[in-house]
Every structure is written in structure tokens, then in C-alpha cells.
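Undergrad:
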Amino acid sequence: MRRFFMKRKLVRLLLLLLAIGWLFYGVSCSLLGVSIEDRVQQFVSDMNETDRSDVYLNFHPDIFNMAGAQDPDTWETNFPVLKIPYTYSALNTSDPLNVTFTVINTDGLHWSIRFEVEKLDNDWMISEMYKDPGDVFATTLIIN
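Mapping of the sequence shown onto this note's numbering: position 34 corresponds to residue 37, and the numbering continues sequentially without gaps.
(1) Would you list, in sequence order, the uninterrupted alpha helix (DSSP H) runs of no fewer than 4 residues that lie entirely inside the stretch 55 to 131?
(2) Measuring alpha carbon to alpha carbon, tell me which of S38, F67, D98 and V58 ends up nearest F82.
(3) Let's see if you can read the secondary structure: which residues bound the alpha helix (DSSP H) around S38?
(4) Just how far apart, CA to CA, sit D76 and L85?
(5) Whose C-beta lies closer than 6 Å to the C-beta of T103 among residues of the same chain, with five residues either side of it excluded?
(6) Exposed or buried, which one is E52 when buried takes at least 16 other CB atoms within 10 Å?
(7) Taking R42 and M128 to be in contact with their CB atoms under 8 Å, please state how far apart those CB atoms are, rounded to whole angstroms.
(8) Excluding the five sequence neighbours on either side, which residues of its own chain have a C-beta within less than 7 Å of the C-beta of S162, listed in chain order?
(9) Considering only the beta carbon of each residue, do F46 and N68 sit closer than 7 Å?
(10) Measure the alpha-carbon distance for W78 versus A72 and round it to whole angstroms.
(11) Which residue's Cα is closest to the Cα of D49: S115, H113, T90 and D110?
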């Protein structure tokens, strides 16, 4: 009988330690914020949704063209839903003013993307976005 109570106490202690560990993990994640890599991943993930109404949440709230970021047509024109899923590669985050990566659609077409990002509290947010920078037909999607 004594062994049963010892096992029960041990199980309770382990559950308590797991709960405390889970709590600290959740708090530390929110304290660390959103990294530049996380922001790019979230943006591409949002491009893979048929509902683009949350894409603007990746952008700094003080950007000049927030209306453009909130307009689903902006995203449909540049990243058609019919071409999902989009993937990305060649991510370079060494300079927050020149975050670059390549977006590829289901047809294998690809575009160079350049972000300028800035911190808002603990989160990196997009302040400027360029599609195919350096190309003659470069598109400035969002300008701060």
C-alpha cells in the first residue's frame, strides 16, 4: 500500500514539473517574440491560405500603405490562390534592411522578394516589401 502512495506522489510531482515546464516554455516564447525567419515563414504561410484577410498582420502598423496590405486583391494579383502552395528558399536574414528570399509557386515560377523589417516590441515586422527587386519590372508592393 505504501508503494502505491509513493508512486502516486511521484506521478503528481512529475505532472507538476511538466506543467511548470510548459508554462515557462509558453512565457519564454512570447518573450522572445517573432524572429525574422518566423516572419518570412508566416508571410509565406499566409500566402498559402485562400482567405488572405490576415496577411496585413505581418506588416508594421505604421506602414504608409496599410490599406494596400489589407486589400486581398493586392495579394491575389501578386500571388494568385490558384498557384498555391507557395514555398520559399534562399532566405538571407543577415541584414534587416535587406531580407531576401525566393518564392516558388506550383508551376515552378519564382520571384525574388526583398523585405525591410523593423522591430515592434519583440516582434520583427515587415516595413517594406519588394517583388523582384533589381528587375526592370520590380513591383513595390508596400512602401513605408
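Each residue gets a CB set at the ideal place from its N, CA and C atoms; glycine is no exception.
Here the structure is a predicted model, which means the values were calculated and not measured.
TA: With the given structure in hand:
(1) Complete alpha helix (DSSP H) runs here, min 4: 69 to 73 and 75 to 81.
(2) As a first step, residue 82 must be located in the sequence shown, where it is residue number 79. Here the closest residue by C-alpha is V58.
(3) As a first step, residue 38 must be located in the sequence shown, where it is residue number 35. No alpha helix (DSSP H) holds S38; DSSP gives it neither H nor E.
(4) If you number the sequence shown from 1, residue 76 lands on position 73. If you number the sequence shown from 1, residue 85 lands on position 82. Roughly 13 Å between the two C-alpha positions.
(5) Position 100 of the sequence shown, counting from 1, holds the residue named residue 103. N95 and R117.
(6) Reading the sequence shown from its first residue, position 49 is the one you call residue 52. When all chains shown are included, E52 counts as exposed.
(7) Position 39 of the sequence shown holds residue 42. Position 125 of the sequence shown holds residue 128. Right, their Cβ atoms sit about 7 Å apart.
(8) Missing from the structure shown is residue 162; the chain here goes from 4 to 147 and no further.
(9) Against the sequence shown, residue 46 aligns to sequence position 43. Against the sequence shown, residue 68 aligns to sequence position 65. Contact: no.
(10) For the purposes of this step, residue 78 is taken as residue 75 along the sequence shown, with counting starting at 1. For the purposes of this step, residue 72 is taken as residue 69 along the sequence shown, with counting starting at 1. Rounded to the nearest angstrom, the two C-alpha atoms are 8 Å apart.
(11) Taking the sequence shown and counting its residues from 1, the one referred to as residue 49 is at position 46. For D49, the nearest C-alpha among the options comes from T90.
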